[in-house]
Each structure stands twice: as structure tokens, then as C-alpha cells.
Amino acid sequence: MNIKNRQHVLAVVAIIAVSLLAGDKFVLSPLMRSWKERGERITQLRKDVSQGAVLVARDRTIRSRWEHMRTNTLPVNASVAENEVLRAFERWSQDSRLSITSIKPQWKRAEDDYLTLECRADAFGSMQALTRFLYDVEQDPLALKVEAVEITARDNEGQQLSLGLQVSGLVLSAQEP
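Structural data, given as C-alpha cells:
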């Protein structure tokens with residue numbers, strides 16, 4: 220093979236190598252990347268559609284639960300809401316035979332469309348009274364959420380227990396009809 224043919228073959232091989240590199244960099248890699256992104260997007264859309272189908276299937280249950288929660292929120296009037304919560308605490312303590320030593324209500328505005336009434340209650344009683352009290356708090360339809368529970372023994376045998384309870388009540392500012 221003479222030198223001119225060898226140079227010509229090497230130039231053709233170099234041009235092919237550069238064109239393959241450019242094709243990979245500018246055509247194949249972007250196509251593969253967009254194919255992968257499209258596949259991930261399709262997977263996410265399928266997941267969203269199946270989740271939407273589940274929500275549509277549970278529409279009646281979700282709406283009835285929301286309606287139940289919305290109708291059991293605390294009244295918009297602050298004093299009426301506090302009074303309702305204090306009466307609930309009194310009712311629970313009488314049912315469980317628990318002695319409440321203090322209740323400290325405090326209003327907090329988290330968003331424009333709702334308020335929370337946080338109440339810190341301190342009480343004491345037997346284990347049976349505490350469990351009954353906590354059960355009554357959880358089962359009450361009033362829109363209260365138990366945030367924290369602290370139980371400590373007041374005597375060496377553990378017969379008398381102290382309860383520190385923090386609950387928050389929901390007040391919707393813009394009540395829907």
C-alpha cells in the first residue's frame with residue numbers, strides 16, 4: 220500500500236470516527252435521554268391516574284368524612300368555642316372520675332382559613348380513670364386532636380398518676396354551607 224492510499228484511508232477512518240462521536244453526542248445521547256425521561260413521565264402519569272381512580276372510587280366516603288369533620292369543628296366565636304371545649308373536659312372528667320387541676324386554652328392562627336385552640340390540661344387519678352379519660356377524648360366527635368400525653372406517678376406504688384394532656388381544636392374561619 221502506498222503512502223497516499225494509507226493517508227486517504229486514515230483520513231476516512233478519522234472522519235468516520237469524528238462523525239460517530241458527533242452522532243453519539245448530538246443525536247443518540249439526547250434521544251436516549253428523552254426516551255428515558257418520557258418513560259419516567261409515563262410511569263408517573265400512570266401512577267397519578269391510578270391514584271385518581273382510587274380517589275374517585277372513594278369519593279362518597281371522603282366527602283362524608285369531610286362533612287363529618289367540618290360539622291364537628293369548633294364554633295367561630297372564640298368564647299363559645301372555649302366554653303364548648305371546657306364543657307367537654309368537664310364531661311370527660313366526670314365520666315372517668317378523673318380530677319382536673321388546670322386547663323390552659325391558647326388560640327393560634329396558623330392560616331387564614333383556620334384557627335386552632337390549643338389546650339393544656341393537667342389532671343390526676345388512677346390508671347383506670349386516665350385510660351377512660353383518654354378514650355373519651357379520642358372518641359368524642361368534637362374536632363380535637365391529642366398532641367401530647369405525659370403520664371407520671373404521684374406515689375411510689377403507681378396508684379395515683381398525673382396526666383399532662385395537650386389537645387388542639389380546629390376552627391374553620393370560612394365555614395362552607
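Numbered per the numbering used here, the sequence shown spans residues 220 to 396. Virtual Cβ for every residue (Gly too), placed ideally from N, Cα, C.
Would residue i pass as a contact of residue j if the rule is Cβ separation under 7 Å?
i: Thr371; j: Asp341; result: no
i: Ala307; j: Leu389; result: no
i: Thr335; j: Lys327; result: yes
What's the gap between the Cα of residue i and the Cα of residue j?
i: Asn224; j: Ser253; result: 42 Å
i: Phe352; j: Trp311; result: 6 Å
i: Trp285; j: Gly377; result: 41 Å
i: Thr290; j: Leu382; result: 29 Å
i: Leu363; j: Arg282; result: 19 Å
i: His287; j: Lys255; result: 45 Å
i: Leu229; j: Asn221; result: 12 Å
Taking the alpha-carbon of residue i as reference, which of the options has the nearest alpha-carbon?
i: Leu293; options: Leu247, Val237, Glu337, Phe343; result: Glu337
i: Asp331; options: Val356, Arg279, Leu391, Ala362; result: Leu391
i: Leu315; options: Gly242, Asp355, Leu264, Leu239; result: The sequence given here places Ser at residue 315; Leu does not occur at that position. Closest option to Ser315, Cα to Cα, is Asp355.
i: Glu357; options: Ser387, Thr335, Gly344; result: Ser387
i: Tyr333; options: Asn296, Gln263, Glu309; result: Asn296
Below 6 Å CB to CB, which residues in the same chain sit around residue i once its five sequence neighbours on both sides are set aside?
i: Gln385; result: Arg339, Glu366, Ala367
i: Leu349; result: Leu380, Leu382
i: Arg260; result: none
Checking contacts by CB at 7 Å: is residue i closer than that to chain C?
i: Asp314; result: As a matter of chain content, chain C is missing from the structure shown, which is built from one protein chain.
Near residue i, what residues of its chain come up, given a Cβ to Cβ distance below 8 Å and the 5 sequence neighbours on each side ignored?
i: Glu303; result: Leu293, Pro294, Leu361
i: Leu305; result: Ile322, Pro324
Could you pull out every residue in the same chain whose Cβ sits closer than 7 Å to the Cβ of residue i, ignoring the five residues on either side in sequence?
i: Met346; result: Leu380
i: Ala329; result: Thr335
**OP:** Tell me the start and end of each unbroken beta strand (DSSP E) in the segment 333 to 376 that is at least 3 residues and wholly inside, in chain order.
**Re:** 333 to 344, 363 to 372
**OP:** Taking only runs that begin and end inside the segment 245 to 271, name each unbroken beta strand (DSSP E) of 3 or more residues, in chain order.
**Re:** none
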